[in-house]
Structures are given as C-alpha cells and as structure tokens.
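These protein sequence lines map, in sequence, to chains A and Y.
All residue numbers for the first sequence refer to the numbering used here, where the first residue is 1 and numbers rise by one.
All residue numbers for the second sequence refer to the numbering used here, where the first residue is 1001 and numbers rise by one.
For each residue, glycine too, the CB sits at the ideal point set by N, CA and C.
See structure below.
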Amino acid sequence: MTTRDDTAAATVADTGGADRSSRLHHRFEAIWGTPPGIARLSAVNHTSIGIRFIVTGFVFFVLGGLLSMLMRVQLALPENDVLDEGIYRQFFTMHGTTMMFLFAVPILEGFAVYLIPKMIGTRDLVFPRLSAFGYWCYLFGGIFLYSSFFFGSAPDGGWFMYVPLTDAQFSPGPNTDFWLIGVTFAEVSAVAAAIELIVAILKTRAPGMSLDRMPLFAWYILITSFMIIFAFPALILGSILLEIERAFGFVFFDAGRGGHPLLWQHLFWIFGHPEVYIIFLPAAGMLSMIIPTFARRPIAGYTWIVLSVIAIGFLSFGLWVHHMFTVGIPQLALSFFAAASMAIAIPTGIQIFAWIATLWNGRPVVTIPLLFVLGVFFIFVLGGLTGVMLALVPFNWQVHDTHFVVAHLHYVLIGGMVFPLFAGLYYWLPLFSGRRYSESLGRAPFWLMFIGFNVTFLPMHLTGLLGMPRRVHTYAEGLGWDWLNLVSTIGSFLLAAGIALVLLDVILHFLFGKRAHRNPWNAGTLEWAIEAPVPTYNFISIPRVQGRDPLWSQAELVNKMNRGELFLGNPDSDQRELLGTNTVTGEPESVIRISKSTWIPLLTALPLALFFFGLLARVYVLTAIGGALVVVAALVWLWTTGHRQAPDIVDAGCGVSLPIQYASPQAPGWWAVCFTIMADAVLYSSLLFAYFFLWTVSDAWPPADHSPGSLAFPLIGIVVLLASSAVVVWAARCGREGASVRFRYGQLVALVLGFAFLVLQTLMLLDFDMRPQQHAYASLVYTIVGFHLVHIVIAMLMAGFVFFRSWFGYITVSRQLETRVSSIFWHYSVFQWLLGFGVIYLFPAML
Amino acid sequence: MCTLPLLGGCSGIQSALDPKGVAARAIYEAWWVMFLGSLVILSLVMAMALYALLKNPDHRWRIGSSTLIIGGGVALPVITITALLTYGVQLGDRLTSPPGDALKIEVTGKQWWWEVRYPDKESVVTANEILIPAGRAVQVELTTEDVIHSFWVPNLAGKKDLIPGKVNKLLLQADEPGVFRGQCAEFCGSQHARMAFFVIAKTPEEFERWQMLQRQVSRLPVNPVLARGRDAFLSASCGECHTIRGTSARGTRGPDLTHVGSRRTIGAGMLETSADNIGIWIVDNQRIKFNDRIPAYPKLDRDTVREIATYLESLQ
C-alpha cells in the first residue's frame, strides 16, 4: 500500500515556505483572477466556466423534472384532463430534450471542464475562450428552446423528431424549428467542449503523467469526447437537412419525391445511441474515481477498464438500429445489431465487476457518495438487464415504444448518470466550497430518491407489458393500467422530493458545512493536491508525477508545489501559462500562454444567436447580419488570442526552457484543427451517407428525366482547386524558408483561385437542370455543393488571416503554427470537393 | 367521459402477458426465461456488492480482482448473451416466415384511425376493426397515408411500423375466437393516444359469413326515419369523405361506413357503436377527439342528427 502522509506534511510546512506560498498565491491570483461585478461575464477560466455549466445544468434538470411531474399527474388517472394533448406533447418532447441536451451532456461536460485540468495537473483548459463560448452557446440554445413556451409553440414532435410528423406539412408551426435550431445551438457547445477536452487531455497533462498513469476519469472523458466528435455531427446534419426541407422546400425525407423518412431515423440514432453512452461514460468515470478513494485502495483492473471504455466507444456506433427493430429491416441485419447490442454487456460488466473487485479487496467506508454507488449497482444493473432483453429482437417487437422502454431507459439513465452524478457532486463538493457535507443529513435524501425512483419506474415495466404504449397523453380505463400508473405517480413525488432535498442539502452545506481542508478523503489524484476551495490558477507550480495516485506515493509533492519549486512556478511573465507535454509520455514540450478574461466569447455567441434567430423567424437578413458579425468577432478572437508577442523560447521552471506554443510543432491549436476537421468530416460523411442511402431506396438515381449537363464547369473547377492546393503548398514552403513576401503572394493567389472556384460552382449549379425542390437527388447535389462552398469561404478567410499575420510579423520561420493550420484546412476543403465531385459525377456514371 | 363500458372487466384485452396467438406466446415464453435469468444475475451482483461493502475486510473470502473481473465481467455475459442471441435469432426467423395459406389483409394508418381492406375478395373495406379467422395465419400488409404509425395487438404478436414509402408485413395468428384490442404504438401526433382498434377472431365459418355480409352493398332504409337519415347524410355532404356503397356517398378520406353499424366501436375505439353515440360523435367529436379530421356539426338540428345516427346504426 502507499503512504498518505503528505497532507500531514503540508500542514507542518515551515513558515518560510508558507510565506513564499502565500506571496505566490497573490501574484497568481492577480494573473488568473476574474474581474468583479458584471465583468464576471468575461471570465474564461475553466473553474468559472465549469461551475456555470453545472449550475445551469441543474436549473434545466429541475425544469425538465417539473415537466415530467406534470406528465405524471396527467397519467395518474385514466382519461385525466389536467394537461390537454397539445400541452402533453410539448411537455414530453421538452422533457426528453431538456434531459438529454440541456442537462445530461452539458452538466457532465461542466464537471469535465471543471475537473479535468485539476486532475491532470494543469491550470486551465487550452482554449479558455472556446470554453466560455461553448457555455454561451449552451445557455442561449437552452433559452431559445424554452422561449418557445412563451409563444405557445414548444417543440411537440418528440425528442426524436421523426419525420414526416415534423415536416412542414404535418407541423406547420415554428415548434419544430425551435427544436432544430435550439438543439443545434446547444450541440455546437458540446462539440466545442469535446475538442477542447481532447486536446487538454492529450497535450497538457502534468510532467510524468504518461497515458497509463492518467486518472480514469480522464480516460472516460477522452473517449467520450471522441464519441461526441463522431456522433453529434450526424444529428447536426440531420437537423440542417430537416430545417432546409421545412424552410426552403428541399427534399430529403419526403417519400413522394425521392426522399425517405427512415433517413432521419438513421441519422438520429447514429447520433442517438452513442449519445446514451456519451451520458453514461463520464458518470461511470466519476464512479471509477470515487470507489477507489472510499475503498482506500487503487482501482482494480485499470487496464481492463480503459480497454472496456474504448470498446464501448466503438461498439456504441454499431447498434443504433436497435431503436429501429420495428421499422421493417431484414432479419439478417437485425441479428447483427442485436448481437452488437448484447455485446455491450461485456465491457459494461467488466467495469461493474472491476468496481466490485475494488471494494471487495479494499477497506471501504460507507459514505454518502458510496451509498449512491450502491444505488447505481442496483438500478443500473437492472436497467442493463432489461437492455439485454430489449436486444432480443422478437421481445423488442412486443415492448418497443411501450412503458417497458420508458422504465428501461430511466433505469439506465438515472442509474447510470443521475446517481453517479450525485455521488460525484457530494464527493467533489469540498473543492467547490471548501466545506464538507453532513454525513447524517445526506442519507435521508438518498433513500427517498432510491425508493421513489423504484416505486416510479419498477411498475412501469409491467405497465408496458400489459400493453400501454409510450407518449400517450391518456388511456382508457379498465385495461389494467390504472393502479400501476397511480403507483408510478406517487413514486415520482417521492423521487422529486428526494432530489429536492439533495439540492437543498448541497445549498445548505455552502452556508453551514464544516470547513474542509486539502484532501479531506485522503484521495490519491492531483485535484486533491489543491487547497479547497480551489484557487483560480489551481497549482502554484506544476508537479511531476510518478504514478497513478501521486498523493499516495509522493510525500513532498504538495509542499514543493506550493513553494513554487516545480514547473511554471514563476509568475513574472504576468501571463497565464500552461505546460504542454508529450501525448504519450507526458514529458514537457512547450509552454502554452492562454488568454485572460475577455468579452469576445460572449460577443461571438450573441451574433450567433442572431444568426439562429433569423433562421427561426425566417428573416434571413438577420441571419446574414448575424453571420457576418460572427465572422468579424471570430477574426478579432483569433487575432488577439493567447500571447502573440511572446518570445520563441520561455523559461518553464526546474531549469528547463521550452518553446512557446506558436513555435512548437505540438501546439494545441494544431491538434484542435485536426480534431475539428475530423468532426467536420463526419458531418460531411453523414451528408454523403444521406446521398447513398436515398440512392439505395430509390427507383432511379439520378431521376430518369435528369440529364447530367455540361462537365465543363465542374472539370475546370477541379483544375482550379488542385492548382490552389499546389499554391498553398508552395507558399507554406516559402514561409518555412523565410521568404515571407512570397508566402504572402501565395496566399493572394490562393484567394484568387478560391474566388474563381466559387464563380465556377455557381455557374455549374445554374447549368443544373433540376431545382432542389423537385427531387431529393437535386436537393442533395445542391446541399453537397453548398456545404463545400462554405468550407472554401472559410479557407479563404483563413488564408487572408495568415496573410495579415505574416504582414505584421507574427508568422516567422520559427513560428509556423498558423500557416500549418490554414494550409491543412485548405487541403481538406479541396479534398472534400474531390469526394463530392466523385459522388455526384463519377459514381452514377459507373453504375 | 367517453370511456368504453365494454372494456369493463376486460383487463388483459391488450396485454403481452396474456398471449392468445402463436407469436405472442413465443415472446411470452422468452420473457419469462429472461426475467428469471435477470433476477438471478441481479441478485448475484447485489449480493456481491453488499458483501464487498459491508463484510469486515479481515474476514472476507479472498478472491483476486482479475478473477472477479474475468468471471463476472467477461465469462458471465459471454455465456448468457451467446445463448440468448442464438435463441433470439431462431425465434425471429420463425415468427416472420408466413405459411403458404396465410390470409392477406391490408391495413392503412391514417391520423388517427385504421383503414382495413381484404384484397382477396372484392370490396371489403372496413375501419378500426379487423376480423380474422381463428387458427389461420394472417399476413397484415401495413402502409400509411400520412405519418408513421405502429400496428400492435399485444395479445397476438409484436408490433410493426407503418412507414411512408414502404410496405411492412406482420404475421398474426389467433388460437381461439376472441376480441383483442390494439393501439398505435408510434407517436403520430395529437391523438396518438386515441388510435385504437380491435382484432376479432372468429371461427372460420363465422368469418366466412361476416365476409359475405361485408361484400354486400349497404342496406336500404326500411322505414321513413332511416330514409330521412340517409337523405340528411347525403345532403350534409358527409359523402365527400365517407363511402356508403349503394348510395352516392363515395368519399375516401374518412372510414367506409357501408357496414358501420356492425362494428363494435366508432372513432377508432372511442365510443361503443349505438345510435346515441353516433349522434354524440357527429355533434361533439372535436371535444371527444380534438384535432380529428372530421369537423364537428353543431349546427345540425337534433332531429336530423338523430335520424342520421339511426340510419348509420342500421347499416349492419
């Protein structure tokens, strides 16, 4: 076993050390602190942003919960009329939407944003402005969705928004538009946070924290973030297509004109199933941190857990069809997806037994977080078992879309996400508040929640088996569902009371909780090396770690850290500095200087809200103005981000000098652009998937009366585009060799070629003999071309940007970051059209 | 308010736990196997968790972590899901292979009712009520005219969706004569909760007799009240949406009413068929089933309504 005496050691630190530590604290606080008053809104620090995500998430949790309470009241009695069917539809749609998009994902991201830098031993996330921007997008998206209630037009097509019920014919009101736009707005936030978290985890871990020493929570968040990158674009694309169909009469889902409603279901569930694991995994990550601490031993089966999380990441993309077992898909395909759905029980089982093994071979103390863990074991395992049942295709045919599924999904999501979240909330509270919760007060709310939950949802399995479908606003008397529904409603009040008491307990603890000192649980991971409540900069200096649980194995770590003796312990630069480290080994590679508090994220999110509002109101002038302002704000953002005047090499402490990020081949910006391209590629692939999917279900593709038209414009376009890529390659080489004038000429030529391409593509579309409103084929051609043109415009903006950066001397021989970022995006955009050209012009000709 | 009295004491009429058909019974057996298996696994996991949490660490049974993880996390699920999957795939194949003599019935979902056609014989069209011969396989062909619906009669079989641009098939077979309730299972808008129907299994002889009756055109009015009812029906333009074969009413938007009096319910399971209820429905359907496509006719005077209702009820 490890020793755990450094907390004690910290308290007997010599007074000289304490003075020095306090002096450093004040200086770092001056650099990292958030200005007071209204200017708090300009905060970008991960601690502030994380707390905002968490608090906002709980607010939405309460709102979504209230909706469900009213639904339970309506269903308490047969033929009840507390809510009419129109209101009921809005409530169940908004309940699901809120819990998935405005509570579960954002609050877990909030915890990740708050905890990850602390756990991996850094001071902030790598793109603080992006964190803040993500928060605003989330908040505005949520407000957007809820504002619909004031117009009496809340979304009412279900959280899954199946077409054709949600198309312009069957849902002519703005309800669906609120959903499509609000959710997309909030998803921007999720994708932004995911990219940022990946880069932070891969590039800013404490020295010595190789991948296999990473806290498990970081592994879970890493995998989850990749899943977000691969899953969310499918729904974003689906939402864009549906909005275009609704607003402009394009065709993607209308079976009468070459579209198909199942396309929506595929896109939705390609997102929707990974989404379930995106919600579960971070929560499971919390359990993997909490259990070892209270079992007082390291986690059992670290490698097993990491591998099983990776396995879930992959598997979760192979089972979306289990939401579609009743749509009429061939038996063979069903068997495949049934197998994949059941197989997920293996990696999940591994985690559960690793947790049990940790407790079994440890010396557990039953605290409130551990009580919640026990709740997870019962609820989540039961939900998992009914999940395996649902994967049995014939059984699924019987209970799909019934209350059995309602019970199952709440067992999985509340057991797999809410209970772990509450365990985590209690566990990490001392970091937030510097106080401890009361062990005696917290038990009653737990039991109330646990009993209330089971009284609500256990009978629902039976309700479903007895034939009650989902999403019904009422039901006839005498079908055997009456008493079951009444019991569920009573249970839901107990559950709600339990949740209210937990939240009350947490609020009260901020006022009356006992003072907590550093590391009250004797945990082993780095976030507990920080004094509670946490200071804005986290660490006075960045420690080198030598194991998975540094606080258990490195006695002097906290003292040295607080005396500023480790990395980046010198505040003289007056900059916010992070240590960039090697992806695999965690060895220091660079110093990253990040932005201080700024209004720019808010000023970028506001015009983005205008952009979306214009789409909703169908006043496209506002959309255009909003879009233009977003571009301006983004350019200002990029121009001023980080510390552009920093020297090439800076002192990192411990006698090490390292390159600044602009001069490092491993800059976070480079990694981020790669992951952004990855997310965008998924978006584009989803679009191509739509093309091929509709092709396979249509009689003739392209439609028989379509003639391909002249190949002249597209072929010249290809040549122009390839030439532009060559110019960009040449310019980048000139830049690396120091010929900055030629570099800038190169950018100008690229801009001219890009513009020529825009003109050629426009001519090509004018030459196209079908309007997009006529047939899905034409709609897809227009959309693929349009999608790509947006990329060319962005690539041109980037080329213009690096032109000026070079002009002002921020791009030099040694500082190539921005050139590399703009070049790779340019080439990616060119490649995108090569694919698009192939899909539109070559594939149909080949077959 | 408009609860069906005929449902009183009929609990189990829409239940997967009271199987009355081949498919439903096979699924019911699968359910019991899985339910008992799950009970065992859940108890095992909980017992282990409680033991690990509460038993004095010094007196615990010693089991290595790897043994626990491999035994519980790998071996246990691999064995159970392999068995379950093999079973499920075979069952799925069995439940979807129709025998050669299956009766074909076409069901079209509409917001918020069901149109039923018997294509083998000429001109049998009905609504919200499917008569089938007991003991014989029935292949239901499912299409939709508007949004997605899902056809589900839990006592007989699992469900299948009705999807625009697609024809889905579902196999039904009732063991014995009986009445089973079904309901739309895919959210389809405003009155999704009120899109019920009945499947009525008859002996083969009764079924034949019923089909004979249904093939006939509508009954002629046998007294002046019924005749006035028919005329009022036609002059109030009801025929723009409804068909009554044998009259000039040829509309296809609403249910075919040629033999509406022979059906158990009106309004897709909303009201028991009777002259009174038909009258209530004509006047007040928007209160009973808001947003339904049938307009309310509050302006018709009460006598006319009663005559129309009496006429319709007579169409056995």
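For Gly434(A) and Gly513(A), the rounded distance between their alpha carbons: 9 Å
Could you compute how far the alpha carbon of Leu115(A) sits from the alpha carbon of Glu527(A)? 7 Å
Once you ignore the five residues that flank Phe453(A) on each side, which residues in its own chain have a CB closer than 7 Å to its CB? Ile379, Ile414 and Leu495
For Leu374(A) and chain Y, any beta-carbon pair shorter than 8 Å? yes
Count the other CB atoms, across all protein chains shown, that sit within 10 Å of the CB of Phe53(A); report buried if there are 16 or more and exposed otherwise. buried
CA-to-CA distance, Ala529(A) to Asp6(A), given in whole angstroms: In this predicted model, Asp6(A) has a pLDDT of only 44, less than 50, meaning its place in the structure is not dependable; the value taken from the coordinates is given anyway. Distance between the alpha carbons of Asp6(A) and Ala529(A) is about 9 Å.
Determine the direct distance from the alpha carbon of Ala845(A) to that of Gln774(A), and round the result to whole angstroms. 21 Å
Residue burial classification, Gln1111(Y) (beta-carbon count within 10 angstroms, cutoff 16): buried
Just to make sure I have the definition right: I need the residues of chain Y whose C-beta is within less than 7 Å of the C-beta of Met342(A). Which are they? Ile1081, Leu1084 and Leu1085
Could you check the C-alpha separation between Thr47(A) and Asp124(A) for me, to the nearest Å? 8 Å
Going along chain C in order, which residues have a C-beta closer than 7 Å to the C-beta of Thr1143(Y)? Note that chain C does not occur in the displayed structure, where the protein chains are A and Y.
Go ahead and label Leu1054(Y) buried or exposed: buried means 16 or more other beta carbons lie within 10 angstroms of its beta carbon, across all protein chains shown. exposed
Taking the C-alpha atoms as reference points, what is the distance between Leu41(A) and Ser308(A)? 40 Å
If contact means a Cβ-Cβ distance below 8 Å, which residues of the segment 1014–1030 of chain Y contact chain A? Gln1014, Ser1015, Ala1016, Leu1017, Ala1023, Ala1024, Ala1026, Ile1027 and Ala1030
Is Ser829(A) buried or exposed, if buried means 16 or more other CB atoms sit within 10 Å of its CB? buried
Any beta carbon from chain A within less than 8 Å of Phe1197(Y)'s own beta carbon? no
Would you say Phe512(A) reaches chain Y, if we count a Cβ-Cβ gap shorter than 8 Å as a contact? no
Counted within 10 angstroms of its Cβ, other Cβ atoms place Ile507(A) as buried (16 or more) or exposed: exposed
So which residues of chain A does Thr1096(Y) contact, with C-beta pairs closer than 8 Å? Gln331
Since Ala700(A) sits in a beta bridge, which residues does DSSP pair it with? None; Ala700(A) has no bridge partner.
Tell me which residues of the segment 1036–1050 of chain Y have at least one Cβ-Cβ distance to chain A shorter than 7 Å, keeping chain order. Ser1038, Ile1041, Leu1042, Val1045, Met1046, Met1048 and Ala1049
Using 8 Å as the threshold, is the segment 632–639 of chain A in touch with the segment 586–604 of chain A, meaning 3 or more CB pairs across them? yes
Could you check whether the Cβ of Thr2(A) sits closer than 8 Å to any Cβ belonging to chain Y? Unreliable positioning characterises Thr2(A) in this predicted model, as indicated by a pLDDT of 38, which lies under 50. The coordinate reading is nonetheless provided below. No, Thr2(A) does not count as interfacial toward chain Y.
Can you tell me which of Gln1316(Y), Asp1018(Y), Phe1151(Y) and Gly1269(Y) puts its alpha carbon nearest to the alpha carbon of Gln1139(Y)? Phe1151(Y)
For Thr303(A), decide whether its Cβ has a neighbour in chain Y, counting only Cβ atoms nearer than 8 Å. no
Taking Cβ to Cβ, would you say Ala295(A) is nearer than 8 Å to Leu1068(Y)? no
Please return the same chain residues whose Cβ sits closer than 6 Å to the Cβ of Thr293(A), not counting the five positions on each side in sequence. Trp521 and Ala523
Leu722(A) versus Val697(A), Ser541(A) and Ile792(A), residue with shortest Cα-Cα distance: Ile792(A)
Is Gly809(A) buried or exposed, if buried means 16 or more other CB atoms sit within 10 Å of its CB? exposed
Can the beta-carbon of Gly208(A) be found less than 8 Å from the beta-carbon of Gln546(A)? yes
Just to confirm the assignment, what range does the alpha helix (DSSP H) spanning Asp1101(Y) have? Run containing Asp1101(Y): none; DSSP gives neither H nor E here.
I'd like to check one pair, Leu479(A) with Gln1090(Y): are the Cβ atoms closer than 8 Å? no
Suppose only complete runs of 4+ residues qualify. What are the alpha helix (DSSP H) ranges in the segment 751–825 of chain A, listed by chain order? 776–807
Does the pairing of the segment 698–708 of chain A with the segment 240–254 of chain A give three or more beta-carbon distances under 8 Å? no
Is Thr1310(Y) buried or exposed, if buried means 16 or more other CB atoms sit within 10 Å of its CB? buried
Taking His260(A) as the query, report the chain Y residues whose CB atoms sit under 7 Å from its CB, ordered along the chain. Gly1165
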